[in-house]
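Using my numbering, the letters of the sequence shown map in sequence onto residues 3 to 352. Glycine included, each C-beta is placed from N, C-alpha and C at the ideal position. From a predicted model like this one, the values you see are computed outputs, not experimental measurements.
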Amino acid sequence: KKYLQGLTEIMTPLAKVLRAGVESKESLSEDKRDKVCQSLDLIAQAFMILPEKGAAQASEILLKLRPILDGTMDKHLKDDQIMEKVCRCWKYGIRASRLYFKPMIIPLLTKLSKLFPKYPHSAFLYIVCVCVNEFGTHPDYQNLLAQAYTMFSKHGMVKLSGPRAFQEHPDVVGDFFDMQKRYIKNCPNIVFGSELIVDVFKCALSGIGVEHKDACSMLMKFFATFITVGCSATSRLPNGEQAVALMKKIMAQFGPDLTRGVIEGIAFRLPFSRIQFCVEVIESLIRHCGSAAQVWFQKALSAIPQTEHPITHQQFLIALFKNTSQEHKSLRSIKETIKEFASAVRAKIH
Numbered sequence: 003k004k005y006l007q008g009l010t011e012i013m014t015p016l017a018k019v020l021r022a023g024v025e026s027k028e029s030l031s032e033d034k035r036d037k038v039c040q041s042l043d044l045i046a047q048a049f050m051i052l053p054e055k056g057a058a059q060a061s062e063i064l065l066k067l068r069p070i071l072d073g074t075m076d077k078h079l080k081d082d083q084i085m086e087k088v089c090r091c092w093k094y095g096i097r098a099s100r101l102y103f104k105p106m107i108i109p110l111l112t113k114l115s116k117l118f119p120k121y122p123h124s125a126f127l128y129i130v131c132v133c134v135n136e137f138g139t140h141p142d143y144q145n146l147l148a149q150a151y152t153m154f155s156k157h158g159m160v161k162l163s164g165p166r167a168f169q170e171h172p173d174v175v176g177d178f179f180d181m182q183k184r185y186i187k188n189c190p191n192i193v194f195g196s197e198l199i200v201d202v203f204k205c206a207l208s209g210i211g212v213e214h215k216d217a218c219s220m221l222m223k224f225f226a227t228f229i230t231v232g233c234s235a236t237s238r239l240p241n242g243e244q245a246v247a248l249m250k251k252i253m254a255q256f257g258p259d260l261t262r263g264v265i266e267g268i269a270f271r272l273p274f275s276r277i278q279f280c281v282e283v284i285e286s287l288i289r290h291c292g293s294a295a296q297v298w299f300q301k302a303l304s305a306i307p308q309t310e311h312p313i314t315h316q317q318f319l320i321a322l323f324k325n326t327s328q329e330h331k332s333l334r335s336i337k338e339t340i341k342e343f344a345s346a347v348r349a350k351i352h
């Protein structure tokens with residue numbers, strides 16, 4: 003009761019500000035818009051600091067706030083900042099409510115699915131990420147999450163159609179591939195149960211040279227997670243035979259392109275500070291693709307200017323493929339080897 007009372011006292015005046023903004027027939031003045039933003043920030047913060055014991059009360063308050071949050075979203079669909087702040091309210095409201103949020107997941111994802119094709123805010127993708135994290139393993143929501151995966155993946159790829167789009171929309175890149183990564187981890191049966199992942203992988207390859215830090219990091223995490231889960235877990239899925247066949251098809255078709263893209267990124271395409279994000283991808287290729295990966299690396303390296311000191315192409319290849327059975331040692335040694343090789347190649351080019 004004390005959580006419900008405390009939340010009510012906090013939320014009531016904030017909700018009043020939002021309701022006034024929704025009901026206003028005129029566009030908001032700068033002052034009123036600032037008040038709406040501040041109110042949304044405070045609502046998100048209240049949910050963020052609520053203890054776990056208050057989950058039931060959080061869901062009760064969130065249910066009452068839902069029409070106001072929906073109204074605020076509908077009124078400001080073209081306003082990136084307000085959209086982000088509304089989605090932060092949902093983000094922390096979902097986390098605070100825990101399993102008590104179940105009655106609201108269907109209307110929320112349904113609403114976002116209808117809005118995203120016309121208003122592809124990256125914040126909408128992040129709400130999908132939160133829902134997948136919280137409910138991805140729950141059998142009652144697999145169909146809903148599968149529908150959301152299809153819709154957000156298809157329209158996300160429209161937004162990210164080509165290398166230039168990756169550079170121009172790094173926020174969408176980050177949240178889109180974060181969503182893909184979370185689906186792979188939490189709902190692999192959805193991802194590997196559809197040919198759509200082939201198009202997603204091709205889309206990812208087109209943006210492999212993205213320079214923005216968070217976008218580059220999340221894209222590389224997607225590749226590493228895809229390879230690791232796809233090669234180690236697909237056989238245990240209900241649709242295991244189909245999933246394994248799909249995984250083999252993707253790696254046979256695109257493994258060489260991924261390897262070439264990563265090697266070119268290390269050699270000259272990516273800023274030096276982004277090279278660290280390639281480590282997990284290279285490690286996953288070496289560990290899970292074995293001799294095929296070695297062939298891909300040899301071919302990719304043949305297109306890179308030869309180096310002699312302090313490390314040659316052949317020494318780089320040998321260093322990558324040794325000690326792969328020792329995971330932690332391998333990651334550390336791979337990182338050091340990659341940086342040494344990158345420095346040598348860049349010195350040669352420049």
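query: Would you call the CB atoms of Leu71 and Trp92 closer than 9 Å?
result: yes
- prompt: Are Ala305 and Glu342 touching if we call contact CB-CB under 9 Å?
  reply: no
field: Neighbourhood of Ser286 by C-beta distance below 7 Å, restricted to the same chain and skipping five residues each side
entry: Ala226, Ile229 and Thr230
task: May I ask you to report which of helix, strand or coil DSSP gives Cys39?
output: helix
task: Note down, in chain order, each residue of its chain lying with its Cβ closer than 8 Å to the Cβ of Gln83, except the 5 sequence neighbours on either side.
output: Cys39
- prompt: Within 10 angstroms of its Cβ, does Lys324 collect 16 or more other Cβ (buried), or is it exposed?
  reply: exposed
field: the stretch 72–80 touching the stretch 24–38, judged by at least three CB pairs closer than 8 Å
entry: yes
query: Quick one: what does DSSP say Glu28 is sitting in, helix, strand or coil?
result: coil
- request: With DSSP collapsed to three states, give me the class of Lys331.
  value: Caution applies to Lys331, whose pLDDT of 49 falls short of 50 and renders its modelled position unreliable; the value that the coordinates give is listed next. DSSP places Lys331 in helix when its eight states are reduced to three.
message: Within 10 Å of its beta-carbon, does Asp238 have 16 or more other beta-carbons around it, so buried, or fewer, so exposed?
response: Checking the sequence, you will find Arg at residue 238 rather than Asp. Exposed, since its Cβ has fewer than 16 Cβ neighbours within 10 Å.
- request: In the DSSP assignment, find the alpha helix (DSSP H) that holds Val212 and state where it starts and stops.
  value: Counting along the chain, Val212 falls outside any alpha helix (DSSP H), and DSSP gives it neither H nor E.
task: Look at the alpha carbon of Gly138 and the alpha carbon of Asp81, and state the distance between them as a whole number of angstroms.
output: 30 Å
message: If contacts are defined as beta-carbon pairs under 8 Å, then Met13 and Ile51 qualify, I think. What distance do you get, rounded to the angstrom?
response: Going by Cβ atoms, the distance from Met13 to Ile51 rounds to 13 Å, so no, they are not a contact pair.
- request: Just the C-alpha distance for Tyr185 and Val132, rounded to the nearest angstrom, thanks.
  value: 11 Å
task: Could you check if Asn145 is buried or exposed, using at least 16 other CB atoms within 10 Å of its CB as the buried criterion?
output: exposed
query: Closest to Leu333 by CA distance: which of Ile288, Met181 and Pro307 is it?
result: Ile288
- request: Could you round the C-beta distance between Arg262 and Ala321 to whole angstroms and report it? I think they count as a contact, below 8 Å.
  value: Between Ala321 and Arg262 the Cβ distance is about 19 Å, and since that is not below 8 Å, they are no contact.
field: DSSP-derived helix/strand/coil call for Ile313
entry: coil
message: Considering Cα atoms alone, identify which of Val193, Glu136, Gln149 and Pro119 is closest to Leu162.
response: Pro119
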